[in-house]
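Student: Structure in structure tokens, see below.
The following block contains the structure:
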């Protein structure tokens, strides 16, 4: 994981000194994302004066790869993870940045090289010989990338600052962008299938930059919608669980070969996804890294509410790492009265009990992250609002703040044997990777609006809303979430958004993964396939917990505020 930034200007009076002064505005934000190295490079091509800088969090390879990578042909800065497409033995030795740059050069085609690898990314690549600047984010928008403008000065970066003369917007995840540094023309090279928001996002960027933006080649077709034909066999399978006790309903489905095959396939793919995201990280935690020892501190955390999404991740993570490594379960709560009896705290403790029963050999550190109102107000003003920027809604405020404090992890360890004077235990100072359940609701149909759509228009209505949510995924939360978590020098990883997991679940029929009907209990039919997997893994209680959004489960949200309205606290 890295913090990356590129500053450039086509002004004849621009100098390296001017760009260095601008860099100072954003430098600390970029440095916080990558504590292991930080470097700056300058380049000049045609009429553009350019500055590249990057900080690095070391998670792959035998030694950290310092960025920017520069030679006579190119400058490359990259914030991403490669989980397939480059041999594992190569990544174990060199990390992912150097092999990816080699692939780009060998193919002489940036987009082709990126299509060969799987994993989240944001990147900036200067082709010196062709005088072209490429930049972009992955298809799902899992890594943040912003673009800013102030007159004839431009900034492309992982995270920014408010009120510093530059206006910013998120780079849309609609393809790879190419800036011709000779003509000044900007072009997008779209994905194989275009997002239904493609034209809207294209126009947004045109308006923001106040310049034309062309599309290379023929506009690709829209991503196909989910098929919604339903036959009598499908209907019969779903109706057999209506009116049953949830235990009996789970048993019924687990005894149907087609359902069991899908459950097993999902388990295999999710475990593979998790293993890819936790393998290869250094043997020592961040605190012991310089001591050159194989420590026994937690190196991996999970944002943990006790819900089905995160509990499934916890059980499968237990199978992927050595038995002596603790796992930090990070449970955040807000309360003006300082009681912190938030709903997610209660379900988190219930989930912890089940994890202990299923995996008794594992040390689970349940971290009760209690955030007083005064600290919330202070940290939002000092730094979190900048990280959420350029987003400004009340929902962005609630979710961004909750995730920032959860990722920081500074509070009591509920499972600590030392409770004298309620000593604070800063266990999560050690972790480098934070697993989260993001994407599960969009894939499996977990939101209340999915249940409402099914009630109104049956499968067709559910299909429309699910497809809309999926198409909007890259534009809503993921960039913001990457910015707030990475501010602690930690890597956000999203196992449900692994390419293989997504392809499998998205290609299932709707009724093979969810049944948000009023004829079955809420907390059973929604995300049905994932709940079946949870039940199979032994999570008998967790598998029937109702969906609860983080902002309500942690009690950070004010129910009298409307989520889509602008938050004055972020201005």
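Residue numbers (the working numbering): 1 to 571. Idealized CB from N, CA, C, for every residue including glycine.
(1) Who are the near neighbours of residue 84 in its chain, counting only those whose CB is closer than 6 angstroms to its CB and skipping five residues on each side?
(2) Kindly list the residues whose CB is nearer than 8 angstroms to the CB of residue 354, restricted to its own chain and excluding five residues on each side of it in sequence; keep chain order.
(3) Identify the continuous alpha helix (DSSP H) that holds residue 20 and give its terminal residues.
(4) Taking the continuous beta strand (DSSP E) assigned at residue 515, which residues delimit it?
(5) Over what stretch of residues does the beta strand (DSSP E) that includes residue 263 continue unbroken?
(6) Would you report the Cα separation of residue 572 and residue 400, rounded to the nearest angstrom?
(7) Using only the alpha-carbon positions, how far apart do residue 11 and residue 43 sit?
(8) CB residue 166 to CB residue 148, shorter than 7 angstroms?
(9) Compare the C-beta of residue 259 against all C-beta atoms of chain B and say whether one is closer than 7 angstroms.
(10) Please report how far the alpha carbon of residue 421 lies from the alpha carbon of residue 488, in whole angstroms.
(11) Which residue spans inside the segment 430-454 form an unbroken beta strand (DSSP E) run of at least 3?
(12) The ligand ADP and residue 509: does the residue's C-beta get closer than 6 angstroms to at least one heavy atom of that ligand?
(13) Do you know how far the Cα of residue 120 is from the Cα of residue 59?
(14) Under 7 angstroms between the Cβ atoms of residue 240 and residue 533?
(15) Looking at the unbroken beta strand (DSSP E) that takes in residue 149, where does it start and where does it end?
(16) If I follow the unbroken alpha helix (DSSP H) through residue 398, where does it start and stop?
(17) Do residue 99 and residue 90 have their C-beta atoms within less than 7 angstroms of each other?
(18) Which residues mark the beginning and the end of the alpha helix (DSSP H) in which residue 388 is found?
(19) First and last residue of the beta strand (DSSP E) that includes residue 137?
(20) Would you give the residue range spanned by the beta strand (DSSP E) that residue 326 belongs to?
(21) With distances taken from CA atoms, which of 259, 499, 554 and 386 is nearest residue 513?
(22) From this set, 475, 243, 403 and 308, which residue's C-alpha is nearest residue 529's C-alpha?
(23) Can you round the beta-carbon distance between residue 524 and residue 249 to whole angstroms, since I take them to be within the 8 angstroms contact cut?
(24) From the DSSP output, which residues share a beta bridge with residue 176?
(25) Taking buried to mean at least 16 other C-beta atoms within 10 Å of its own C-beta, is residue 5 buried or exposed?
(26) Pick from 438, 473, 511 and 500: whose alpha carbon is nearest that of residue 461?
(27) Applying the 10 Å Cβ sphere with the 16-neighbour rule, what's the burial state of residue 405?
(28) Determine the contact status of residue 318 and residue 553, defining contact as a CB-CB distance below 7 angstroms.
(29) Which of the three DSSP states, helix, strand or coil, is assigned to residue 153?
(30) If you count every other CB in all the chains shown that lies within 10 Å of the CB of residue 218, and 16 or more means buried, which is it?
(31) Output the distance between the C-alpha atoms of residue 478 and residue 255, rounded to the nearest integer angstrom.
(32) Just the Cα atoms here: how many angstroms apart are residue 333 and residue 216?
(33) Starting from residue 354 and walking both ways along the alpha helix (DSSP H), at which residues does that stretch end?
(34) Buried or exposed for residue 251, please, with buried defined as at least 16 other CB atoms from any protein chain shown within 10 angstroms of its CB.
(35) Quick check: what's the CA-CA separation for residue 368 versus residue 315?
(36) Is the segment 65-85 touching the segment 27-45 in the sense that three or more CB pairs, one from each, lie closer than 8 angstroms?
Tutor: In brief:
(1) 118
(2) 311, 538, 539, 540, 541 and 542
(3) 16-33
(4) Run containing residue 515: none; DSSP gives neither H nor E here.
(5) Element bounds for residue 263: not the beta strand (DSSP E) but the alpha helix (DSSP H), 257-278.
(6) There is no way to answer for residue 572, as the model of the chain reaches only from 1 to 571.
(7) 14 angstroms
(8) yes
(9) Any reference to chain B falls outside this structure, which holds one protein chain only.
(10) Confidence at residue 421 is low in this model, with a pLDDT of 36, below 50, so the placement of that residue is unreliable and no value is reported for it.
(11) 433-435
(12) This structure lacks the ligand ADP, and indeed carries no ligand of any kind.
(13) 14 angstroms
(14) no
(15) 146-150
(16) 394-408
(17) yes
(18) From DSSP, the alpha helix (DSSP H) with residue 388 extends over 385-388.
(19) 132-137
(20) Looking at the DSSP string, residue 326 is not in any beta strand (DSSP E), and its letter there is neither H nor E.
(21) Of 259, 499, 554 and 386, the residue nearest in Cα terms is 259.
(22) 308
(23) So it is a contact: roughly 7 angstroms between Cβ atoms.
(24) 136 and 189
(25) buried
(26) 511
(27) buried
(28) No, Cβ-Cβ distance for residue 318 and residue 553 is not below 7 angstroms.
(29) Note: residue 153 maps to strand in three-state DSSP.
(30) exposed
(31) Distance between the alpha carbons of residue 478 and residue 255 is about 37 angstroms.
(32) Distance from the CA of residue 333 to the CA of residue 216, rounded to the nearest whole angstrom, comes to 48 angstroms.
(33) DSSP places residue 354 inside the alpha helix (DSSP H), whose first and last residues are 343-358.
(34) Exposed is the call here.
(35) 20 angstroms
(36) yes
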